[in-house]
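This report concerns only the one structure given below.
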Amino acid sequence: MSGIAAILLTGCGLAETTAGAASGVAAAADQARQAQQQIEQVQQSIDEAQRAAAAVRAEAEAASQ
442 MSGIAAILLT
452 GCGLAETTAG
462 AASGVAAAAD
472 QARQAQQQIE
482 QVQQSIDEAQ
492 RAAAAVRAEA
502 EAASQ
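When we follow the working numbering, the leftmost residue of the sequence shown carries the number 442, and every step to the right adds one.
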């Protein structure tokens, strides 16, 4: 019986370790998803700023002619 008990305890520890690792992987995946969303938001802001700057340049050129 003690051999079976040792196997069961080892299995439980393995299950806890595996669950902990899976939780860590899920957290890392969530962080990566959030980081990707932030990158996309920053890129959109950059694109908007570039469009606004181009519009200002075009208006300045038109006004100078």
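We treat Cβ as the ideally placed atom computed from N, Cα and C, and that holds for glycine. All of these numbers come straight from a predicted model, not from anything done at the bench.
Give the straight-line distance between the Cα atoms of residue i and residue j, rounded to the nearest whole angstrom.
i       : j       : result
Ala-496 : Ser-464 : 48 angstroms
Gln-485 : Gln-506 : 32 angstroms
Gln-482 : Gln-472 : 15 angstroms
Ala-501 : Asp-488 : 20 angstroms
Gln-479 : Ala-467 : 18 angstroms
Ala-493 : Gly-461 : 48 angstroms
What did DSSP end up calling residue i once you bin it into helix, strand or coil?
i       : result
Gln-506 : coil
Indicate whether at least one CB of chain D lies closer than 7 angstroms to the CB of residue i.
i       : result
Gln-485 : Of the chains in the structure shown, none is chain D; there is only one protein chain.
Considering only residues of the region 465-490, which uninterrupted alpha helix (DSSP H) runs meet the minimum length of 4 residues and lie entirely inside it, listed in chain order? The qualifying runs do not exist here; there are none.
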